[in-house]
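Number of protein chains: 2
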Amino acid sequence: MATTRDRQLHDRELVEQWRSIQDSYFRTAGAIDRALEAKFDIGLNEFEILDLVADSEESACRMKALGERTPMTQSAVSKVVDRLEKAGLVSRQTCVDDRRSLFLELTEAGRALHSSAAVEHRALLKENLG
Amino acid sequence: MATTRDRQLHDRELVEQWRSIQDSYFRTAGAIDRALEAKFDIGLNEFEILDLVADSEESACRMKALGERTPMTQSAVSKVVDRLEKAGLVSRQTCVDDRRSLFLELTEAGRALHSSAAVEHRALLKENLG
DNA sequence: TGTCATTGAATGACGCGTCATATACATTGA
DNA sequence: TCAATGTATATGACGCGTCATTCAATGACA
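Laid out in structure tokens, this is it:
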């Protein structure tokens, strides 16, 4: 049978493992966020949405789909898109089939920024993930 | 030499890997946070501080040391401790050697809550980390 | 066609973390 | 002993994410 001592050891390992995950998550996310903020004036979440939009160019009614590919809330996505739109990087297009939906398009500026920022993003991922 | 195609494949893998880390991080943290919130009325960060304090019972001048064991900011730690203190789970003790410092002690209630919450916490870690 | 439930998105109140700063104490060195 | 500098924590303004709610458009079905 498992002794109390066994259980404590196991718990300690679990907690260690968790702390190390947290650490590497925060380290990586933080590094990317600061770099993008400094060089391109957008945060990590903004970039991730930009990246998803860039990636799925051409299928319709994005907004909804985005929510499914990100741990962000629907309302968070909506606000991130607000900022991207205000920054002139993305535009919301109404969707003719279903007028509740919207789909997103990169503007020229958005496309340009994305392609530079993506290089940075990939580089930092590589650097941080090993 | 590496072709553009090679680089794109490699980037895609990196991004996949990163999304999967994010996913498992958010899934785990979210699950723990919701459970602790529901059952014990404290958030994940509160628990982590509680857990650190419980773990290091007896060495002096905690506050500072805590900052070094957590990805949280010094000011975040200060505010988490505010809440824990308001909830009566922890108390700040002035430190005689260095009156700028504080060290923290679990109250009875804090100790009790921590030991129940820790069980839940470990269980969810195990469940989510595999 | 007229209800009723559902769905995509936006919004406002709210909590929390961060940054820059403030405050109190400590240390150093002349 | 008195600056000057450094260190431990607290605090206020601010940005962002979340939750609950709202609104418009759709779908289902009698």
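Top line first, the protein sequences correspond to chains A and B.
Per the working numbering, the very first residue in the first sequence carries number 679; after that it's consecutive.
Per the working numbering, the very first residue in the second sequence carries number 679; after that it's consecutive.
Backbone N, C-alpha and C fix where the C-beta goes; we use that ideal spot for every residue, glycine too.
These figures come from a predicted structure and were not determined experimentally.
- With a threshold of 8 Å between beta carbons, L791 (chain A) makes no contact with chain B.
- In the DSSP assignment, L767 (chain A) falls outside any beta strand (DSSP E) and carries neither an H nor an E.
- Close to chain A, meaning a Cβ-Cβ distance shorter than 7 Å, are the following residues of the region 698-711 of chain B: I699, Q700, D701, Y703, F704.
- The continuous stretches of beta strand (DSSP E) do not include E746 (chain A), which lies in the alpha helix (DSSP H) extending over residues 740-746.
- Of the residues assessed, T748 (chain B) falls on the buried side of the cut-off, its CB having 16 or more other CB atoms within 10 angstroms.
- Listed along chain B, the residues sitting closer than 7 Å to K804 (chain A) by beta-carbon distance are L692.
- Counting C-beta pairs closer than 8 Å gives fewer than three between the region 691-709 of chain A and the region 782-789 of chain A, which falls short of the contact rule.
- Interface with chain A (8 Å Cβ-Cβ cutoff): L728 (chain B) is excluded.
- In terms of Cβ geometry, L744 (chain A) and I727 (chain A) form a close pair [threshold 8 Å].
- The beta carbons of M741 (chain A) and S769 (chain A) sit no closer together than 8 Å.
- For R740 (chain B), the closest Cβ of chain A is not nearer than 8 Å.
- Contact with chain B is found for R800 (chain A), since one of that chain's Cβ atoms lies less than 8 Å from the residue's Cβ.
- E783 (chain B) sits in a strand when the DSSP states are folded into three classes.
- Note on geometry: alpha-carbon atoms of A796 (chain B) and S753 (chain B) lie some 25 Å from one another.
- In chain order, L692, Q695, W696, I699 make up the part of chain A whose C-beta sits under 9 Å from the C-beta of L807 (chain B).
- Following the DSSP letters along the chain, one finds I727 (chain A) inside the alpha helix (DSSP H) bounded by residues 722-733.
- Looking at the DSSP output, Q771 (chain B) shares a beta bridge with B:F781.
- The C-alpha of E735 (chain A) is placed about 42 Å away from the C-alpha of V755 (chain B).
- With respect to E798 (chain B), L722 (chain B) sits apart: the two C-beta atoms are not nearer than 8 Å.
- Per the coordinates, the alpha-carbon of V774 (chain A) lies some 15 Å from the alpha-carbon of E783 (chain A).
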